[in-house]
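In what follows, a structure is listed as structure tokens, so that the remarks can point back to it.
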Amino acid sequence: MRYLDGDLTPHEQESFKQELLANPQLQKRLDEVQPVHTYLKGKARLEHPSKNFTQKVMEGLSSTPIRTALSYKRGLLLFVGTLLASAIALVLLSSGVFDAPTTPLVVDAPIQNELINVPSLRIPFNGKIIVNGIIFLNLGLALILLDRTILRPLFQRRAEVGY
Amino acid sequence: MITPQDEYSLIDKILAGDQQIYSQLVDRYKSYAFTIAFKILENRAEAEEAAQDSFIKAYHYLRKFNRQSKFSTWLYRIVFNTAISYKRKSKPGFQRIETAIVEYSERSDKQLERDDKQLFVGKAMNSLNETDRLAIQLFYIQEFSLEEVAEMMGQNLNTIKVRIHRARQRLGDELNRILKQEALTL
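In the order they appear, the protein sequences are chains A and B.
One rule links them: number in my numbering = place in the first sequence (from 1) + 532.
One rule links them: number in my numbering = place in the second sequence (from 1) + 3.
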């Protein structure tokens with residue numbers, strides 16, 4: 533490879549050529565790698581952008597860089613808030629506030645008299661399931677906030693200015 | 004010839020509010036930035052957009068440039084990362100018509116054989132993983148030093164050396180395999 537890159541001294545080059553004559557395997561390998569070298573050298577040229585490249589960049593300088601909709605501070609506050617809400621719900625849940633197996637939801641009929649007897653509507657519901665659902669949604673929201681407002685901008689900044 | 008010190012003084016002026024001076028830096032590095040983006044994206048329009056975006060990002064983050072490396076090296080890293088993120092976002096499309104056209108010309112047997120080999124090397128390039136392919140392509144551009152390639156790709160110098168060596172070996176093997184296969188189909 534150093535021979536192809538032209539990194540050999542004249543003396544090293546001469547002895548490599550001698551070795552090529554004596555070693556057909558080495559010659560074969562060189563024949564395989566030589567076109568690769570030629571191809572890459574041929575492709576290795578500087579490409580030039582369009583003529584108005586600089587002008588377009590200069591016009592773009594006044595535009596503000598794209599930021600996420602939520603600021604870092606606001607996102608962090610929301611993230612903490614959602615975590616706090618989930619924690620409170622979990623504490624309430626573990627202390628047995630929502631332990632009643634079925635709490636009927638009673639909806640009384642708006643008009644009740646001797647002539648019309650509308651039975652009140654009883655919808656059974658489990659408070660525990662609803663609270664669990666709310667906690668689950670809250671945690672999902674917290675993860676989205678963590679990604680959008682903290683992690684993504686952090687990695688974006690790291691990728692753009694890697695020092 | 005402009006020294007890094009001259010460049011730092013240009014940067015100081017830009018940071019002091021002279022935005023127009025930035026065009027000097029853009030003019031100086033636009034071809035390098037565009038070449039890096041083009042090697043990654045393999046599409047001129049996208050490469051141009053990525054390179055422009057990189058210059059704009061570099062301008063906005065100029066205050067964070069810590070001057071421990073050359074401005075060019077810092078810029079190339081931004082271009083590299085921007086082009087990589089463009090590549091991730093863009094979906095693979097159809098081959099552009101201008102590159103898909105197969106040219107016909109009167110060529111000698113020797114020329115034909117040489118051109119075929121070049122075509123097969125191009126095919127063999129696809130067998131490399133993206134990092135190796137980029138490392139070897141950037142290494143062959145004389146304007147970029149091995150150190151710059153390593154820094155731009157965010158990799159250790161020795162790792163880049165190994166990658167380039169391995170890529171050339173692999174390309175040689177792949178070319179050999181393709182040529183054997185071609186010979187069998189004749």
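Glycine included, C-beta positions come from ideal geometry on N, C-alpha and C.
In this structure, B/L160 places its C-beta atom within 8 Å of the C-beta atom of B/A153. Taking 8 Å as the threshold, the shortest C-beta distance from A/H580 to chain B falls below it. By the criterion of a C-beta distance shorter than 6 Å, A/L610 is surrounded in its chain by L677, once the five residues flanking it on both sides are discounted.
In this structure, DSSP gives B/T6 a state outside helix and strand, which the three-state scheme calls coil. Around the beta carbon of B/R80, 16 or more other beta carbons lie within 10 angstroms, which makes this residue buried. A/F687 places its beta carbon 8 Å or farther from that of A/G659. Put simply, the backbone Cα of A/S547 is about 30 Å away from that of B/E150.
By the Cβ-count criterion, B/I17 is buried, with 16 or more other Cβ atoms from all chains shown falling within 10 Å of its own Cβ. In the same chain as B/I87, and ignoring 5 residues on each side of it, the C-beta atoms closer than 7 Å to its own belong to I43, in chain order. Boundaries of the alpha helix (DSSP H) harbouring A/Q557: 556-575, taken from the DSSP string. When the five nearest sequence neighbours on each side are left out, the beta carbons in the same chain lying within less than 6 Å of the beta carbon of A/R534 are those of L540, in order along the chain.
Among the CB atoms of chain A, one or more fall inside 8 Å of the CB of B/E146. Assignment of B/L131 by DSSP, reduced to helix, strand and coil, places it in the coil class. Annotation: B/Q121 to B/Y25 spans about 40 Å, alpha carbon to alpha carbon. Counting along the chain, the unbroken alpha helix (DSSP H) around A/G665 starts and ends at 659-677. Taking 8 Å as the threshold, the shortest C-beta distance from B/E51 to chain A falls below it. Listed in chain order, the positions of the stretch 57-69 of chain B with a beta carbon within less than 7 Å of a beta carbon of chain A are F58, I59, K60, Y62, H63, Y64, K67, N69.
Excluding residues up to 5 positions away in sequence, V663, I666, I667, N670 lie with their Cβ nearer than 8 Å to the Cβ of A/A621 in the same chain.
Listed in chain order, the non-local C-beta contacts of B/V29 below 8 Å within the same chain comprise F58, local neighbours out to five positions each way being set aside. In this structure the stretch 552-566 of chain A does not touch the stretch 131-149 of chain B; the number of beta carbon pairs closer than 8 Å is below three. Taking C-alpha positions only, B/A186 is separated from A/D679 by approximately 54 Å.
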